[in-house]
Every structure is written in structure tokens, then in C-alpha cells.
Amino acid sequence: LDDDCLEVDGCQSESCLTAFPMHDGVPVAEADAGLSLVYPGATIGMASDHAGSCEEATAAAPDAVYTFELLDPMRVTISHDFDGTLYYPALYLFAGGCGPDEEVACATATSGAAVLESVFLEPNIYFVVVDASFETDEQAFVLELLFEAIPETETDGTDAVDDDADGFLHCC
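Be aware that the sequence shown starts at 28, since it is given in the numbering used here, and climbs by one per residue.
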């Protein structure tokens, strides 16, 4: 990350090199289960540096980049809500860097928030890209992350979700 950028207005969160450090730059660990981080921001006037696989047009939309480090395997829910109407949010999560082969998950929405729901993550440095689906979509937003511990066993055997992240769905 570019520490010099912290001193320049408008520089922070412009790219992966200048990503805004979440949780004050303190790594998140299993002991932080239940932690909710909320960041208001805006893509107004930002560059169009990133895109993801959910929507090709995001390459032309302004974006903001945030980063966090995860020390233990956890589930994370990330939502990107916005102020106003006629805005189509996009949200991308990258691990280790911001290249196309480092994308972990993506979400778009045509109304309401773009949400990455309970994504299982291994320890790593992650980049959250707040984006939009169209070139003219720039808006104030609220980014929220919720960190959850991995349960010891499945919590609901009928929901087709591997809650305990052991690679198996347990039911009945």
C-alpha cells in the first residue's frame, strides 16, 4: 500500500495501491466474530480502475477500494447500499491483489444493495471494490461488512449452505 497517499486529498481508496484500510488497519481474527464495520463514502469523481466478472460495464464506472486483512477463516457478509435512485451498485471482493484471477466473489443489483452473503474466506489480505454497473453511476454509498465465526457444525441441514466450511453439506 502507498503510505504517501494518506497525505493527499482524494488519493485514498482510488486504487488497490491506495486502498482505504478498514478496521484502522488492524487485522480481523476469529475473536472479532460479530464485528460490524460501516463506511460511508462516494464514487463521485473517482477513477474507473477496476472491474469484475458480474457486469462488463463496471470497467467504465467510478469505483472506490477498501482493504482488510483476515487472520483466521471466517464468513463475511458485505453490502454496498447507496443514496438515491437510478443507481445500479456492483461489489467485488479480491484476495491478495486486484487482478481478474484474484476475484473471490461479485454481486450486482438493479434495486437496493449489492450483497455478498456469508462468503467463506481463508486468511489473506482482501480488497473490496465498491463499483457500479454503468459509466454514469457515481453516488454516495454505505459499505458494511459483518464478520462471522465458522460454526463447528452445520446450522441448518436444509439450506444447501456448507456452514462449517468442511466441504460437505450435512442434512437430515
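Ideal Cβ positions, reconstructed from N, Cα and C, are used throughout, including at glycine.
{"Query": "Where Glu82 falls, given that 16 or more other Cβ within 10 Å makes a residue buried", "Result": "buried"}
{"Query": "C-beta contact flag for Ile24 and Leu64 at 9 Å", "Result": "Given that the chain is displayed from residue 28 to residue 199, the structure contains no residue 24 and the question cannot be resolved."}
{"Query": "Nearest-angstrom Cα separation, counted from Ala58 out to Glu179", "Result": "15 Å"}
{"Query": "Residues of its chain near Met49, where Cβ-Cβ distance is below 8 Å and the 5 sequence neighbours each way are ignored", "Result": "Leu64, Tyr66, Tyr93, Thr94, Phe95, Val155 and Leu172"}
{"Query": "Assigned secondary structure, Met73 (DSSP; H/G/I helix, E/B strand, else coil)", "Result": "coil"}
{"Query": "First and last residue of the uninterrupted beta strand (DSSP E) at Ser203", "Result": "No information on residue 203 is available, as it lies outside the stretch 28 to 199 that the chain covers here."}
{"Query": "Alpha-carbon spacing of Phe161 relative to Gly124, whole angstroms", "Result": "23 Å"}
{"Query": "Beta bridge counterpart(s) of Gly124 as assigned by DSSP", "Result": "Gly124 is not bridged to any residue."}
{"Query": "Same chain, Cβ closer than 7 Å to His107, neighbours up to 5 away in sequence not counted", "Result": "Pro116, Leu118, Ala140, Ala141, Val157, Phe168 and Leu170"}
{"Query": "Proximity to Phe147 [Cα-Cα], best of His77, Gly72, Gly79 and Phe174", "Result": "Phe174"}
{"Query": "Exposed unless 16 or more other CB atoms sit within 10 angstroms - verdict on Pro54", "Result": "exposed"}
{"Query": "Residues near Asp99 by beta carbon distance below 7 Å, same chain, minus five either side", "Result": "Ala56, Glu57 and Pro150"}
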